[in-house]
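Asker:
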Amino acid sequence: MLLTDSNQFSTKMQVQVLTTGPFDQTFTYSTEGAGVTRGQVVMVPFGRREILGVVWSISENSTFEGTVKDIGTILPFQLPETSLDFIYWVANYTLIPLGSVLKMVLALPPAEFLKVLKKPEELPTPAYSFDHTVTLSVEQQQASYAIIQGAKTFIPFVLDGVTGSGKTEVYLNAIEHVLKNQGQALVLLPEIALTNEWLERFKRRFGFEPQLWHSNVTVKNKRQTWQQVLKDQPVVVVGARSALFLPFQNLQLIIVDEEHDDSYKQQEQNHYHARDMAVVRARLSEIPIVLASATPALETMSNIDKGKYHPLILKGRFAEATLPLVEIVDMRGQSRNQWLSAPLVTNIRQCLSNQEQVLLFLNRRGYAPLTLCRGCGHRFLCPGCSVWLVQHKHKGQLSCHHCGFTQNLPPVCPTCQTEDSFVACGPGVERIEEAVRKTFPSARIQVVTSDQLSTPKAIQTIIDDIKNFKIDILIGTQVLAKGHHFPLLTLVGILDADLGLNGGDLRASEKTYQLLHQVSGRAGREQKQGRVVLQTYHPDHPLFLSVQNHRRDDFYACELHQRQAQQFPPYGYLAAIVVSGLDEMTVERYAKTLARLAPNADNVTVLGPVPAPLARVKSRYRWRFLLKSSQAMALQPFLKLWLSHPSLKKATGSVRVSVDIDPYSFM
Ligand SMILES: [Zn+2]
Ligand SMILES: [Zn+2]
Numbered sequence: 001m002l003l004t005d006s007n008q009f010s011t012k013m014q015v016q017v018l019t020t021g022p023f024d025q026t027f028t029y030s031t032e033g034a035g036v037t038r039g040q041v042v043m044v045p046f047g048r049r050e051i052l053g054v055v056w057s058i059s060e061n062s063t064f065e066g067t068v069k070d071i072g073t074i075l076p077f078q079l080p081e082t083s084l085d086f087i088y089w090v091a092n093y094t095l096i097p098l099g100s101v102l103k104m105v106l107a108l109p110p111a112e113f114l115k116v117l118k119k120p121e122e123l124p125t126p127a128y129s130f131d132h133t134v135t136l137s138v139e140q141q142q143a144s145y146a147i148i149q150g151a152k153t154f155i156p157f158v159l160d161g162v163t164g165s166g167k168t169e170v171y172l173n174a175i176e177h178v179l180k181n182q183g184q185a186l187v188l189l190p191e192i193a194l195t196n197e198w199l200e201r202f203k204r205r206f207g208f209e210p211q212l213w214h215s216n217v218t219v220k221n222k223r224q225t226w227q228q229v230l231k232d233q234p235v236v237v238v239g240a241r242s243a244l245f246l247p248f249q250n251l252q253l254i255i256v257d258e259e260h261d262d263s264y265k266q267q268e269q270n271h272y273h274a275r276d277m278a279v280v281r282a283r284l285s286e287i288p289i290v291l292a293s294a295t296p297a298l299e300t301m302s303n304i305d306k307g308k309y310h311p312l313i314l315k316g317r318f319a320e321a322t323l324p325l326v327e328i329v330d331m332r333g334q335s336r337n338q339w340l341s342a343p344l345v346t347n348i349r350q351c352l353s354n355q356e357q358v359l360l361f362l363n364r365r366g367y368a369p370l371t372l373c374r375g376c377g378h379r380f381l382c383p384g385c386s387v388w389l390v391q392h393k394h395k396g397q398l399s400c401h402h403c404g405f406t407q408n409l410p411p412v413c414p415t416c417q418t419e420d421s422f423v424a425c426g427p428g429v430e431r432i433e434e435a436v437r438k439t440f441p442s443a444r445i446q447v448v449t450s451d452q453l454s455t456p457k458a459i460q461t462i463i464d465d466i467k468n469f470k471i472d473i474l475i476g477t478q479v480l481a482k483g484h485h486f487p488l489l490t491l492v493g494i495l496d497a498d499l500g501l502n503g504g505d506l507r508a509s510e511k512t513y514q515l516l517h518q519v520s521g522r523a524g525r526e527q528k529q530g531r532v533v534l535q536t537y538h539p540d541h542p543l544f545l546s547v548q549n550h551r552r553d554d555f556y557a558c559e560l561h562q563r564q565a566q567q568f569p570p571y572g573y574l575a576a577i578v579v580s581g582l583d584e585m586t587v588e589r590y591a592k593t594l595a596r597l598a599p600n601a602d603n604v605t606v607l608g609p610v611p612a613p614l615a616r617v618k619s620r621y622r623w624r625f626l627l628k629s630s631q632a633m634a635l636q637p638f639l640k641l642w643l644s645h646p647s648l649k650k651a652t653g654s655v656r657v658s659v660d661i662d663p664y665s666f667m
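Be aware that the sequence shown starts at 1, since it is given in full-length UniProt numbering, and climbs by one per residue.
This is the structure:
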């Protein structure tokens with residue numbers, strides 16, 4: 001179906017269409033629609049079906065010799081030029097195929113576009129009212145003013161302040177300014193931080209609900225939001241990383257809250273870092289962007305040092321008074337299987353008698369990370385992954401936290417047939433719960449992990465229970481570390497502060513620091529003095545001393561120094577290649593062939609291939625390469641050249657080659 005007047009005389013012209021297929025190229029189509037220009041959203045025949053695409057360019061001369069198919073349907077949407085530039089930039093940087101990036105921009109299934117074509121949709125227009133009952137402090141006003149002054153200019157701001165210093169009010173104030181200018185704003189938040197509390201605050205401030213964009217939003221709402229941003233309606237979109245790709249017509253401000261958060265890095269399939277890409281988006285649109293955090297990423301800190309990012313520091317009115325007292329407990333003297341040290345137990349007891357709340361933090365779900373047979377040493381391994389199964393005692397199950405494989409804990413050992421011979425090794429939160437119940441039998445205890453917090457409603461229920469003092473002791477994984485304010489919570493016990501430090505990740509210290517800083521920040525605030533008990537086998541580790549003494553910037557300086565010495569990010573650039581497949585030999589052979597074909601370049605070092613630390617996941621064997629360069633944008637052309645080597649056979653069968661620029665996972 002064509003939207004042209006059939007009586008009108010028209011000649012066919014050829015256009016290059018970028019489809020949503022995973023290709024890094026455009027395809028030639030013809031059209032009679034004389035008005036078709038770059039950015040037009042279309043449906044085109046592709047193989048046996050029709051797929052979405054966008055007109056990428058108009059061919060000057062119809063030089064294409066092969067059979068040229070007509071565009072199937074011209075849809076009533078035109079992507080703005082900045083969106084097209086953004087697609088190109090993201091693809092070029094991340095090496096995600098252009099078509100796959102376009103798919104993230106179009107974001108909806110073809111049927112939704114056809115629905116709108118058939119029957120244009122009336123879109124709700126948000127009505128604002130601005131509430132100014134919250135008074136900003138002088139430093140908040142100054143920070144907000146700086147952002148507002150930066151309008152229509154590309155300036156990356158780093159809004160740096162502890163939890164409770166009022167970062168949100170600063171950026172909401174800047175958003176008000178955008179709305180008054182009939183502009184659009186985008187707030188990226190880690191999904192877990194997008195709570196009712198946050199939304200209520202937004203509603204109070206602006207009198208309307210923002211457009212939400214994340215995995216739980218209905219297709220209908222997404223369809224409306226997609227059209228609203230394209231139609232230049234003054235809206236505020238709040239969402240997880242994928243919201244970044246929406247085709248905003250008049251984007252005037254981007255906020256990346258909790259900018260250090262790992263969830264901004266897409267770890268699966270198409271690897272990209274939403275914070276970094278958001279900065280690019282802001283640059284292409286020539287608008288300010290605000291990266292907010294109490295513990296900015298080292299990359300961000302180094303960009304401040306280089307003068308690329310502009311810091312806005314909030315000290316907070318009460319920040320000094322409410323820093324928690326941190327006690328480091330040396331666990332080396334503890335007897336085995338004693339997860340709660342004497343100082344921690346004393347502190348919990350004190351806290352309970354004061355009618356205050358305790359958070360015990362352990363970043364490990366389940367009962368025990370390893371289960372083995374006392375008789376023969378049999379260990380329960382995942383059949384599809386090279387990891388141990390985690391025991392979940394409540395459910396009587398063993399599960400794999402990588403692929404979800406689950407089995408019941410058998411009554412006898414599968415190897416030696418001994419009954420009741422299993423020993424649980426190491427603690428998970430369930431085991432801590434067991435120990436706490438034994439020591440504090442009358443306390444009201446709640447375990448909180450992603451198992452319990454699977455829906456927003458479940459999250460809200462637990463938050464309400466904490467606030468209404470229906471819980472004395474919370475035992476949780478990192479999901480509790482973010483964004484909630486609990487006035488009665490005065491004690492935080494970090495059960496195994498060393499946990500994140502193992503495992504060969506160059507960001508291990510940084511992540512541990514950020515996590516401990518945030519978890520510690522749960523203790524106290526307002527009038528009550530907070531306490532943190534940090535249990536470790538490395539009591540002299542400089543990282544823990546920095547946490548204890550609240551010397552964040554010392555830790556950063558030291559960590560940056562080490563990264564520099566090793567030429568690691570932010571002082572060098574990395575990329576990873578993972579070759580994976582169902583057959584071990586084929587994967588190894590392919591990886592080794594790939595290694596032989598690596599181009600030579602002075603500024604790129606190729607390490608590997610080696611079997612990945614996680615040598616097998618979901619039945620797929622994995623080999624890794626790590627590429628290093630001291631030069632920006634040197635790895636991308638190198639990888640392109642390498643992976644398109646004429647002697648390299650395309651990966652076939654189950655073998656897949658995945659490229660990750662700026663990797664965050666090294667497993
Ligand atoms: Zn056995
Ligand atoms: Zn598994």
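Every residue gets a Cβ at the ideal spot worked out from N, C-alpha and C, and that includes glycine.
1. Which residues count as close to ligand 1 when the rule is a CB under 6 Å from any of its heavy atoms, in chain order?
2. Decide if I328 is buried, meaning its Cβ has at least 16 other Cβ atoms within 10 Å, or exposed.
3. By a C-beta neighbour count over all protein chains shown, 10 Å radius and 16 as the cutoff for buried, is D496 buried or exposed?
4. Would you list, in sequence order, the uninterrupted alpha helix (DSSP H) runs of no fewer than 4 residues that lie entirely inside the stretch 239–266?
5. Say the cut is 6 Å; is the CB of H561 nearer than that to a heavy atom of ligand 2?
6. Note down the Cα distance separating N347 from I287, rounded to an integer number of angstroms.
7. Should G384 be listed as close to ligand 2, given that the test is whether its C-beta is under 6 Å from any heavy atom?
8. Would you say the beta carbon of H402 comes nearer than 6 Å to a heavy atom of ligand 2?
9. Quick one: measure Cβ to Cβ for C558 and P570, integer angstroms, because I've assumed they're closer than 8 Å.
10. Here's the rule I'm using: 16 or more other beta-carbon atoms within 10 Å means buried, otherwise exposed. How should V219 be labelled?
11. Closest by CA to V579, which one among E510, R622, N600 and F544?
12. Which of the three DSSP states, helix, strand or coil, is assigned to E327?
13. Between the stretch 339–359 and the stretch 382–402, do three or more beta carbon pairs fall short of 8 Å?
14. Taking the continuous alpha helix (DSSP H) assigned at K467, which residues delimit it?
15. Terminal residues of the continuous beta strand (DSSP E) containing L359?
16. CB-CB under 8 Å to K203, same chain, minus the five flanking residues each way: which ones, in chain order?
17. Do you know how far the Cα of A34 is from the Cα of Q8?
18. So does F469 have its beta carbon nearer than 6 Å to some heavy atom of ligand 2?
19. Alpha carbon to alpha carbon, how far is N196 from G375?
20. For V138, which option in F157, V170, K152 and A151 has the closest C-alpha, if you only look at C-alpha atoms?
21. Give a single yes or no on whether F405 has its beta carbon closer than 6 Å to a heavy atom of ligand 2.
22. Express the C-alpha separation of W388 and C382 in angstroms, rounding to a whole number.
23. Going by the CB atoms, is the gap between V236 and I304 shorter than 7 Å?
24. Determine the DSSP secondary structure at G608, reduced to helix, strand or coil.
25. Mind the definition here: the stretch 531–548 touches the stretch 594–610 only if three or more C-beta pairs lie below 8 Å; say whether that holds.
26. At the level of alpha carbons, what is the spacing between L188 and A615?
27. Using 8 Å as the threshold, is the stretch 549–563 in touch with the stretch 583–595, meaning 3 or more CB pairs across them?
28. Return the chain-ordered list of same chain residues with a C-beta closer than 8 Å to the C-beta of L284, the five sequence neighbours on each side being excluded.
29. Could you tell me how far apart the beta carbons of R656 and G608 are, in whole angstroms, since I believe they sit closer than 8 Å?
30. Give the single residue among E584, T652 and F666 whose Cα lies nearest to the Cα of L627.
31. Spell out the partners DSSP gives I58 in its beta bridges.
32. What span of residues does the beta strand (DSSP E) with L314 cover, start to end?
33. Tell me the DSSP secondary structure of C558 in three-state form.
34. From the DSSP output, in three-state form, read off V134 for me.
35. Check the C-beta distance from Y513 over to V492 and give it rounded, since I have them as a contact under 8 Å.
36. If you reduce the DSSP assignment to three classes, tell me which class C351 lands in.
Answerer: With the structure as the only source:
1. C373, G375, C376, H378, C413, T415, C416, T418 and S421
2. buried
3. Label assigned to D496: buried.
4. Listed in chain order, there is nothing to give.
5. Because no heavy atom of ligand 2 lies under 6 Å away, the Cβ of H561 does not count as near it: no.
6. 49 Å
7. yes
8. yes
9. Contact between C558 and P570 is ruled out by a C-beta separation of about 15 Å, above the 8 Å threshold.
10. With fewer than 16 Cβ atoms within 10 Å of its Cβ, V219 is classed as exposed.
11. R622
12. strand
13. no
14. P456 to K467
15. For L359, the enclosing beta strand (DSSP E) has its first and last residue at Q357 to F361.
16. E209
17. In this prediction, Q8 has a pLDDT of 43, which is less than 50 and means its spatial position is unreliable; what the coordinates show is noted afterwards. Going from the Cα of Q8 to the Cα of A34 covers about 10 Å.
18. Checking every heavy atom of ligand 2 against the Cβ of F469, none is found closer than 6 Å.
19. 51 Å
20. V170
21. yes
22. 6 Å
23. no
24. Here G608 sits in strand by DSSP.
25. no
26. Here the alpha carbons of A615 and L188 stand approximately 34 Å from one another.
27. No contact exists between the stretch 549–563 and the stretch 583–595.
28. Closer than 8 Å at Cβ, skipping near neighbours: T82, D85, F86 and W89.
29. Not confirmed; about 16 Å, so no contact.
30. F666
31. V15, per the DSSP bridge assignment.
32. Here the beta strand (DSSP E) through L314 covers H310 to L314.
33. helix
34. coil
35. No, Y513 and V492 are not in contact; Cβ-Cβ is about 15 Å, not under 8 Å.
36. C351: helix per DSSP, three-state reduction.
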